[in-house]
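Note sheet for the following structure.
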Amino acid sequence: MKRINQMPLHLMLLPGVILVFIFAYIPMSGAIIAFKHFVPSKGIWGSDWVGFENFRYVFELPGTTQVIWNTIFIAGMKIVAGLVVPIVVTLLLNEVRKTFFKRTVQTLVYLPHFLSWVILSSILIDILSPSGGIVNKLIVALGGHPIYFLGSNTWFPFTLVVSDVWKEFGYGTIVYLAAITAINPALYEAAKVDGASRWRQIWHITLPGMLPVIVLMGVLSLGNVLNAGFEQVFILYSPGVYESGDILDTLVYRIGFIDTQYDVSTAVGLFKSGVSFVLICVSYWLAARFANYRIF
Amino acid sequence: MDSSMGRKTFAIVNYFLLGVLAILCIFPVLHELAISFSSAAAIAAGEVNLWPIGFTTSAYEFTLQREEFLHATGISLLRVLLGCSLNMLLTLLIAFPLSKESVLKFRTGYVWYFVFTMLFSGGMIPGYLIVKNLGLLDSIWALVLPGAVPIFNVVLMLNFFRGLPKELEEASFMDGAGYVTSLFRIYAPLSMPVLATTGLFTIVMHWNTWFDGLIYMNSLQHYPLSTYLQTVVVNMNLGSMSLEQLKQFQAVNPQNAKAAQVFLSIVPIMAIYPFLQKYLVQGMVIGGVKE
């Protein structure tokens, strides 16, 4: 094959390499302020080293353990519900024979994924309001007492999980529906000939057909154990529910931008990035090992 | 027959369940739409459900006369335009060389250089400090440049490029073309469907993102629409307001005006939604499992 000058290829990469260097690698090196006492006038490099002082300070704060627990609790529930609900809905959708009905349902359930938390939260605040929100009107009509979903520490984490599932379950069905289309129809024909009921067909053909994707999604979600959903929590929480709803990311934001303790905030962020990095590496390794998945 | 009875019952229950789920997904949006067209009195009385009560378009008139709203919309449009074209150009420029597996020198190094940023980040504050030190605060570039290289889209595009037959390119080399011609005359035109998909997702992403606007912009006049809505319209920190402030807030932000602004802001997404949906399954499959 004819040799072609490689130089243009490297030049094409150059702008991307520079941008990533500035906006990803410089901040990574800037994260060393987690180990410094950051004084703006001295800058990142000129500030004095303090070792693990910032970490020690944060982890000795009374609320930090609770924040870590909240993060794992909320993220964990979201991971489990985010796996189970789309799988169940996919199976239900797959049993629908009327194409028009199926298409309409799909069109409607994908929609919330594309609306931002800003929009959805303004709607949620309306419909969940304890005074006159439509959900509470329904609860009262059924003989219950109004619930302050966004203001009660008992309800807040579950409100987060349910509203997150509501936003994402439809979108989540796409991968599973794609997996089902790859199943050989001859398998169903053979099962019918052998007298298998719909239920047995789901159990012995559809589910095993989806299994590789289910395993893959499950394994990859491991990387999200510390991602409880910053934007959603940030918009929906208020000081009254910090006890149950404050998560690592919102703590980073408040320490950093409200208290302007850049060094302490970065320490919390670095703790989160570090743990997440290990989790993501493990999840990719598992995915490559058990689901034959390669990102590139 | 027993089993056909069971199947029929299941079918009815199934249709019912899915119908309820679908309604649950669209209902809040319709509810908001109804509120935006209702009179303030009817909303306060809690009469509005799915249909406007005391129909009025005053909320929309109010919104469309609000200078800040229009200004913020302008900034968002500019952001989408700049951000989207930059993202797509960089996606092509990075994915193309990286798809030349046995040709490009240091390919593995380059790939890891980009992919590593997906695995680890310096965090919120160091990211903020670099934008600040570059003097980008209050500038539209602060919303566009930090996320200019969409690594995930690069991976999608890279895998797509690898699937194209090499013979096309080799033929053009015979005719004296170089890599630049090959990218823009052969690969880019062939990848239009993927480019369109990732482009639509990028538009939605840029339109919806609000947090960067909140930290990188110091004043309201620089906020993109999403950030404007978050701070001015939604603002959950009502608890921290005094009763006096709260009254004032509600006076300039009647609930129907709030709903009208929220609804206007999702019109562009609704407009491209049919196209998005068409490409959804296609796009997801491209990034999927490889044997």
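These protein sequence lines are chains A and B, in that order. Take the first sequence: its letters are residues 302 to 597, numbered as in this note's numbering. Take the second sequence: its letters are residues -6 to 284, numbered as in this note's numbering. For each residue, glycine too, the CB sits at the ideal point set by N, CA and C.
At a beta-carbon threshold of 8 Å, none of the residues of chain A lie near S69/B; the nearest stands roughly 12 Å away. A Cβ-Cβ separation of about 11 Å leaves Y172/B out of contact with L314/A under the 8 Å criterion.
Here the alpha carbon of V225/B sits roughly 25 Å from the alpha carbon of P458/A. Minimum Cα-Cα distance from H414/A among the listed residues K468/A, F450/A, K403/A corresponds to K468/A.
Looking at the DSSP output, H338/A sits in a beta bridge with D349/A. For the segment 309 to 337 of chain A, the residues whose beta carbon sits under 8 Å from a beta carbon of chain B are, in order, P309, L310, H311, M313, L314, P316, G317, V318, L320, V321, I323, F324, A325, Y326, I327, P328, M329, S330, G331, A332, I334. Note on geometry: alpha-carbon atoms of T66/B and F558/A lie some 26 Å from one another. For the segment 163 to 186 of chain B, the beta-carbon criterion of a distance under 8 Å to any beta-carbon of chain A is satisfied by E163, F166, M167, G171, Y172, V173, L176. Boundaries of the alpha helix (DSSP H) harbouring M117/B: 117 to 126, taken from the DSSP string.
Legend: CB atoms of the segment 12 to 34 of chain B lying less than 9 Å from CB atoms of chain A belong to residues G12, L14, A15, I16, L17, C18, I19, F20, P21, V22, H24, E25, I28. When the alpha-carbon of G471/A is set against those of L409/A, T460/A, I515/A, I424/A, the nearest one is in L409/A. Exclusion of the five residues before and after T551/A leaves F531, V534, F535, Y538 as the residues of its chain whose Cβ lies within less than 8 Å of its Cβ. Judged by DSSP secondary structure, G433/A falls outside any alpha helix (DSSP H); it is assigned neither H nor E. Proximity of the segment 89 to 109 of chain B to the segment 560 to 570 of chain A falls short of the contact definition, fewer than three beta-carbon pairs being nearer than 8 Å. Interface criterion met: the Cβ of Y103/B is under 9 Å from a Cβ in chain A. Beta-carbon to beta-carbon, Y554/A and M210/B are separated by about 16 Å, too far to satisfy the 8 Å threshold.
At a beta-carbon threshold of 8 Å, the residues of chain B lying near K438/A are G39, ordered along the chain. I484/A is outside the set of residues whose beta carbon lies under 9 Å from a beta carbon in chain B. Nearest C-alpha to S69/B among L136/B, N152/B, P186/B: L136/B. Judged by beta-carbon spacing, A141/B lies within the 9 Å limit of L320/A, meaning their Cβ atoms are closer than that value. Spatial neighbours of K403/A in its own chain (CB-CB distance under 7 Å, excluding positions within 5 residues in sequence) are listed in chain order as L394, V397.
I435/A sits away from I448/A, with the two beta carbons spaced by 9 Å or more. Look at L112/B here: in three-state DSSP terms it is helix. Runs of the alpha helix (DSSP H) lying entirely within the segment 155 to 209 of chain B, each at least 4 residues long, are 159 to 167, 185 to 201, 204 to 209 in chain order. Cβ-Cβ distances below 7 Å link G331/A to I345 in the same chain, with the five nearest sequence neighbours on each side left out; the list follows chain order.
Judged by beta-carbon spacing, V514/A lies beyond the 9 Å limit of A491/A, meaning their Cβ atoms are not closer than that value. In this structure, F30/B is the residue among L71/B, F30/B, I179/B with its C-alpha nearest to the C-alpha of F256/B. A check of alpha carbon separations from S453/A across I334/A, Y543/A, G364/A, A483/A identifies Y543/A as the nearest. In terms of Cβ geometry, V351/A and K337/A form a close pair [threshold 9 Å]. Residue M518/A holds the alpha-carbon nearest to the alpha-carbon of T474/A among P486/A, M518/A, H505/A, L461/A. The C-beta separation of V386/A from V466/A comes to about 5 Å, placing the pair in contact by the 8 Å criterion.
With the criterion set as a beta carbon lying under 9 Å from some beta carbon of chain B, the members of the segment 502 to 513 of chain A are P513, in sequence order. Distance between L23/B and L43/B, taken at the CA atoms: about 6 Å. Interface with chain A (9 Å Cβ-Cβ cutoff): L157/B is excluded.
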